[in-house]
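What follows is a short report on a single structure.
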Amino acid sequence: MSSERGNWGSNVGFVLAAAGSAIGLGNLWKFPYLAGKNGGGAFVVVYLGLIVILGFSLMLGEMVIGRRGKSDAFGAYNNIKKGWGFIGMLGILCCFIVYSYYVVIAGWIVKYIGMFIRGGLTEDPVLTFGNFIASGTSPILYSFIVVVVTAAIVLKGVSGGIEKASKIMMPILFVFMIVIVIRSVTLPNAIEGIKYFLKPDFSLITPAVIIAALGQVFFSLSLGMGAMITYGSYLPKDSNLIKSALYIPILDTVIALLAGLAILPAVFSFGLEPTAGPGLIFITLPRVFAAMPFGNVFGIMFFLLVLFAALTSTISLLEVVVSFVVDQLKLDRKKATILVSIIIAAIAIPNSHSFGPMADFKVFFGLNFFDFLGYLTDNILLPVGGLMLCLFVGYVWDKEDLKNELTNDGDIAFPLFSAWMIGIKYLGIQLLSLILLQAVGITGKKMSYSLVIIFMIQILFHVLENKRKVSAV
Ligand code: TRP
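Residue numbering for the sequence shown follows this note's numbering, starting at 413 and increasing by one per position.
As structure tokens, then:
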């Protein structure tokens, strides 16, 4: 069976593909603008702290479920413990939704590559960007290009498609990134931007900054959606999960930091505002490129690297859904890929129109289609998926079985097992509950009480568990 499902050709291939999943618009588009908006260095420090205390642990948690369950996200949970597949189902749904709006932004990137190839900006960047995203058909066609290219790669399977594409795109991405960073930090006055980005002003750390950083950790590492479960399921039994779970967050974080260093110093150097929000790379950066010698070349390079990052993520988003359709609904890979891609293309239309004809069409909670889906995934599905992942690894999965899978039946040492468990069980559950409580409007004192109650229940469980162990002996 497992050979039919596909396997990674090499461990390097797996790490590059998983890093490709993690590294995406989240790093290059969202991280710099979130840092720009949330106090620069203050946001970066909180983000790094959360990567260390949560990112590694949950990355390992997802990968170990995948390799043990040897199936798509739904099947993997179910194979480990019957009845728990619904957690994976939530993740698959989340990937599906994220994919449907991710392609819209990725389409904008394609448009910008074309624009820089043709010589760059011809009018004011605010107008260029605003008119483009608001128009009815052009952005949709660009997003279809992304859907088709992604499908063409996923069609070719795990090692022949996804791994191969990642092995080509990821190294180019790294090289282009370094070139752009060097250009940016050597601009006059770049030091102001570097300071803003890397020198934390701790007084700017607020609960809102922490919550924004926490959500970004999840999104950026592709966690809580079954992506790393799906990729982990194609790993051979003798691979070293613990090492891989270290590499991927490190690579992802390095690229996020480099993205900040590529963008913010340049923005400061040209006296522009770092707080532009989502328009930072589409409006502010083109201004920078326009004012710079050989700006178009740097523009092409920059948007090409963003496109590669986005494509290795769309591949992963599609693969999560396709692997479910193949494993559970027993369609062959080709049919599954085409079917899912057609549905995605259809949903991309209202997502794209949310910036134009449907901008004022409110779906729920006063949000338009695109904003509503973003809210649903970032504030509900992602944290619920993450919370369930922590509950599953911390409480549902048999400890011995889990330990055996992690250590390849004792072949690999994992002295930090208990620390890892504490990270998942206590830090993971507390922090994810915090995001969820906040998302449903429980804040302030009520939030603190709720978190204390959850902690007390956990302590109770801990005591009961130990009692059972003692009486079993
Ligand atoms: N991590 C991706 C990025 O930074 C986005 C993402 C979130 C993703 N969840 C995912 C990609 C699941 C693939 C699969 O852009």
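The C-beta atom is built at its ideal place from N, Cα and C for all residues, glycine as well.
**Message:** Would you say the beta carbon of residue 435 is closer than 7 Å to some non-hydrogen atom of the ligand TRP?
**Reply:** Within the sequence shown, residue 435 is the residue found at index 23, counting from 1. Checking every heavy atom of the ligand TRP against the Cβ of residue 435, one is found closer than 7 Å.
**Asked** For residue 470, which option in 632, 551, 750 has the closest C-alpha, if you only look at C-alpha atoms?
**Response** The sequence position of residue 470 within the sequence shown is 58, counting from 1. Here the closest residue by C-alpha is 632.
**Request:** Indicate the three-state DSSP secondary structure (helix, strand or coil) for residue 805 in the structure shown.
**Result:** Against the sequence shown, residue 805 aligns to sequence position 393. Correct three-state label for residue 805: helix.
**Item:** residue 516 and residue 555 closer than 8 Å at C-beta
**Value:** Taking the first residue of the sequence shown as position 1, residue 516 is located at position 104. Taking the first residue of the sequence shown as position 1, residue 555 is located at position 143. Cβ distance < 8 Å, so residue 516 and residue 555 count as in contact.
**Three or more C-beta pairs below 8 Å linking the region 821-834 and the region 757-775** = Too few Cβ pairs lie closer than 8 Å, so no.
**Three-pair Cβ contact test at 8 Å for the region 781-797 versus the region 578-591** = These segments do not touch.
**Message:** Please report the distance separating the alpha-carbon of residue 876 from that of residue 613.
**Reply:** Here residue 876 corresponds to residue number 464 of the sequence shown, with the count starting at 1. Here residue 613 corresponds to residue number 201 of the sequence shown, with the count starting at 1. The alpha-carbon atoms of residue 876 and residue 613 are separated by roughly 44 Å.
**Prompt:** DSSP three-state call for residue 780: helix, strand or coil?
**Reply:** In the sequence shown, the residue the question calls residue 780 occupies position 368. Here residue 780 sits in strand by DSSP.
**Request:** Work out the CA separation of residue 473 and residue 806 for me, nearest whole Å.
**Result:** Here residue 806 refers to the residue found at position 394 when the sequence shown is read from its first residue. Here residue 473 refers to the residue found at position 61 when the sequence shown is read from its first residue. For residue 806 and residue 473, the distance between alpha carbons rounds to 9 Å.
**Message:** Between which residues of its own chain and residue 427 is the CB-CB distance below 6 Å, once the five residues before and five after are set aside?
**Reply:** Translated into positions along the sequence shown, residue 427 becomes position 15. Excluding residues within five positions, the ones whose Cβ falls inside 6 Å are 656, 659.
**Prompt:** At a cut-off of 7 Å, is residue 439 close to the ligand TRP when judged by its beta-carbon and the heavy atoms of the ligand?
**Reply:** Within the sequence shown, residue 439 is the residue found at index 27, counting from 1. Correct: residue 439 has its Cβ closer than 7 Å to the ligand TRP.
**Under the three-state DSSP convention, the category residue 775 falls into** = One-based indexing of the sequence shown puts residue 775 at position 363. DSSP, read as helix, strand or coil, puts residue 775 in strand.
**Prompt:** Going by beta carbon distance, what residues of the same chain come within less than 7 Å of residue 617, once the five residues before and after it are set aside?
**Reply:** Mapped onto the sequence shown, residue 617 falls at position 205. So the qualifying residues of the chain are 454, 458.
**Request:** Could you tell me the distance, in whole angstroms, from the CA atom of residue 803 to the CA atom of residue 837?
**Result:** For this step, residue 803 is matched to residue 391 along the sequence shown. For this step, residue 837 is matched to residue 425 along the sequence shown. Looking at the two C-alpha atoms, the distance is approximately 7 Å.
**Message:** Cutting at 8 Å between CB atoms, please list the residues of its own chain near residue 862, excluding the five before and the five after it.
**Reply:** Your numbering for residue 862 matches position 450 in the sequence shown. So the qualifying residues of the chain are 845, 849, 854.
**Asked** Just the Cα atoms here: how many angstroms apart are residue 447 and residue 559?
**Response** Within the sequence shown, the letter at position 35 stands for residue 447. Within the sequence shown, the letter at position 147 stands for residue 559. Using only the alpha carbons, I get a separation of about 29 Å.
**Prompt:** Which whole-angstrom value describes the C-beta separation of residue 801 and residue 627, a residue pair presumed to lie in contact below a C-beta threshold of 8 Å?
**Reply:** Counted from its first residue, the sequence shown places residue 801 at position 389. Counted from its first residue, the sequence shown places residue 627 at position 215. Not really, about 15 Å apart at Cβ, beyond 8 Å.
**Prompt:** In whole angstroms, what is the alpha-carbon distance linking residue 724 and residue 570?
**Reply:** Here residue 724 refers to the residue found at position 312 of the sequence shown. Here residue 570 refers to the residue found at position 158 of the sequence shown. Computed Cα separation, rounded: 12 Å.
**Asked** Assuming residue 463 and residue 519 make a contact with CB atoms under 8 Å, what is their CB distance in whole Å?
**Response** Within the sequence shown, numbered from 1, the residue matching residue 463 stands at position 51. Within the sequence shown, numbered from 1, the residue matching residue 519 stands at position 107. With a Cβ gap of about 29 Å, residue 463 and residue 519 do not count as contacting.
**Per-residue burial, residue 598 [other beta carbons within 10 Å of its own, 16 or more giving buried]** = Stepping through the sequence shown from its first residue, residue 598 is reached at position 186. Classification of residue 598: exposed, given that the 10 Å Cβ count is below 16.
**Asked** Per DSSP, what kind of secondary structure is residue 549 in: helix, strand or coil?
**Response** Your numbering for residue 549 matches position 137 in the sequence shown. Coil, per DSSP.
**Asked** Residues in its own chain within less than 8 Å of residue 512 by CB, not counting five upstream and five downstream?
**Response** To locate residue 512, count along the sequence shown from 1; it is residue 100. For residue 512, where only same-chain residues beyond five positions count, the Cβ hits under 8 Å are 756, 759, 760, 763, 785.
**Request:** Tell me where the alpha helix (DSSP H) around residue 607 begins and ends.
**Result:** As a first step, residue 607 is located in the sequence shown; it is residue number 195 there, counting from the start. Residues 602-610.
**residue 496 - DSSP class collapsed to helix/strand/coil** = What you label residue 496 is simply residue 84 of the sequence shown in a count that begins at 1. Three-state DSSP puts residue 496 in coil, outside helix and strand.
**Message:** For the ligand TRP, is there any heavy atom lying closer than 7 Å to the beta carbon of residue 558?
**Reply:** Taking the sequence shown and counting its residues from 1, the one referred to as residue 558 is at position 146. No.
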